[in-house]
Amino acid sequence: IPQQTVIWGITNRCPLKCTHCYEQKNIDDTDHLSLTELFTILDKIKTHGICHMQLSGGEPLARFDDLVSIIKEASNKIDCWLLTSGFGLTIERALVLKSAGLKGANISLDHWNEKLHNRFRNHDNSFEWVIKAVRNCLEVNLMVSLSLCATREFINWQNLLYYMQLATELNVHFVRILEPRQIGGFKGKNVHLGHSQVELLSHFIKQVNSLPEYRNYPVVSFPGYHQRQLGCMGAGNRYIYIDSNGNFHACPFCHGSVGNAISMPFNEAIMRLRATGCHAFKTLNAYH
Numbered sequence: 096i097p098q099q100t101v102i103w104g105i106t107n108r109c110p111l112k113c114t115h116c117y118e119q120k121n122i123d124d125t126d127h128l129s130l131t132e133l134f135t136i137l138d139k140i141k142t143h144g145i146c147h148m149q150l151s152g153g154e155p156l157a158r159f160d161d162l163v164s165i166i167k168e169a170s171n172k173i174d175c176w177l178l179t180s181g182f183g184l185t186i187e188r189a190l191v192l193k194s195a196g197l198k199g200a201n202i203s204l205d206h207w208n209e210k211l212h213n214r215f216r217n218h219d220n221s222f223e224w225v226i227k228a229v230r231n232c233l234e235v236n237l238m239v240s241l242s243l244c245a246t247r248e249f250i251n252w253q254n255l256l257y258y259m260q261l262a263t264e265l266n267v268h269f270v271r272i273l274e275p276r277q278i279g280g281f282k283g284k285n286v287h288l289g290h291s292q293v294e295l296l297s298h299f300i301k302q303v304n305s306l307p308e309y310r311n312y313p314v315v316s317f318p319g320y321h322q323r324q325l326g327c328m329g330a331g332n333r334y335i336y337i338d339s340n341g342n343f344h345a346c347p348f349c350h351g352s353v354g355n356a357i358s359m360p361f362n363e364a365i366m367r368l369r370a371t372g373c374h375a376f377k378t379l380n381a382y383h
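Numbering (my numbering), first residue to last: 96 to 383.
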């Protein structure tokens with residue numbers, strides 16, 4: 096199966112200190128890679144035939160000019176999306192990103208309750224950033240997805256329903272539900288979901304995506320459901336992750352560098368990732 100997607104951290108900078116940040120150890124006040132080095136990596140991504148690229152960080156909007164340059168260079172061949180907290184995503188910036196060729200933004204919103212989302216993100220303005228970013232992206236006709244890290248404390252039917260109601264009011268196109276992993280800010284913490292919580296999430300997405308009473312809701316995905324059915328889709332299978340230092344990993348939640356994208360050929364990295372596999376997936380079912 097050819098790789099279709101790369102998730103790529105283009106900056107070490109971020110204004111937030113999120114509780115669960117998977118890139119926590121790489122966050123810094125300055126970027127470790129120059130724009131020239133980023134373009135070296137981008138050339139390899141294009142040559143390899145990647146058709147979908149998700150630009151992450153850190154917070155990619157903290158490196159706005161370089162972000163725009165990358166999108167301009169890539170968007171004639173690659174479907175470009177932004178993974179963001181919404182930080183600084185003004186209407187003016189949304190217009191520039193749209194003009195550069197950005198297709199959509201995946202904006203992190205980790206609770207329907209403003210206070211609880213801000214606490215999770217460790218910033219009093221985070222919820223406000225998200226709402227404004229969503230509206231600005233929609234205003235310029237960018238696709239918008241909300242991304243939820245569904246913790247044990249969050250998961251119940253009422254919270255999920257309230258979240259989807261807010262997403263519907265905001266007119267977003269998709270909602271993506273991710274489950275917590277023991278990486279970054281959650282390293283060494285007992286955060287994995289139990290069997291009943293996974294079952295509830297799986298039941299919820301099937302209901303929302305199929306029953307008539309939810310027909311006006313955004314499409315909702317829970318990758319963990321399909322992962323349990325089909326196996327890991329990262330680790331050089333359908334996608335790979337390149338962190339903000341340029342290192343290849345199986346995915347954002349399964350760290351273990353197999354080499355650096357500046358010096359290592361893409362095909363070699365794919366072979367190493369496939370041979371190593373996703374160690375997070377191998378232990379996943381032990382928690383259910």
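Where is the CB? At the ideal position from N, CA and C, for every residue including glycine.
Segment limits, alpha helix (DSSP H) that includes Gln99: Premise fails: Gln99 is in no alpha helix (DSSP H) and is neither H nor E.
Check whether Phe182 and Glu154 have beta carbons under 8 Å apart: yes
Segment contact, 8 Å Cβ cut-off, at least three pairs: the region 124-144 with the region 307-314: no
Any 3 or more C-beta pairs closer than 8 Å across the region 334-345 and the region 103-117: yes
Beta-carbon proximity of Val235 to Val267, cut-off 8 Å: no
Exposed unless 16 or more other CB atoms sit within 10 angstroms - verdict on Asp160: exposed
Proximity of Leu368 and Ile337 at Cβ, strictly below 8 Å: no
Burial state of Asp205, where buried means 16 or more other Cβ atoms lie within 10 Å: buried
Cβ contact check for the region 358-367 and the region 282-300: 3 or more pairs under 8 Å: no
Assumed close pair Val315, Ile365 - CB separation to whole angstroms, cut-off 8 Å: Not really, about 30 Å apart at Cβ, beyond 8 Å.
Continuous beta strand (DSSP E) stretch holding Val239: start and end: Met238 to Cys244
Meets three-Cβ-pair contact criterion under 8 Å: the region 253-268 and the region 210-218: no
For His115, the three-state DSSP class (helix, strand or coil): coil
Nearest neighbour of Thr142, chosen from Ala157, Lys120, Ile173 and Ile166 [CA to CA]: Ile173
Closest residue to Lys193 among His218, Val163, Thr179 and Trp207 (Cα-Cα distance): Val163
DSSP beta-bridge partners of Arg271: Ser242 and Ser316
7 Å Cβ shell around Ser221 - same chain, five flanking residues per side excluded: Leu111, Ser180, His212 and Asn213
8 Å CB neighbourhood of Ser129 in its chain, flanking five on each side removed: none
Ser151 in three-state terms, based on DSSP: strand
Buried or exposed by the 16-neighbour rule on C-beta atoms within 10 Å, applied to Arg276: buried
Same chain only: Cβ atoms within 6 Å of Phe299, ignoring 5 sequence neighbours per side: Leu255
As assigned by DSSP and simplified to three states, the class of Glu363: helix
Buried or exposed by the 16-neighbour rule on C-beta atoms within 10 Å, applied to Arg247: exposed
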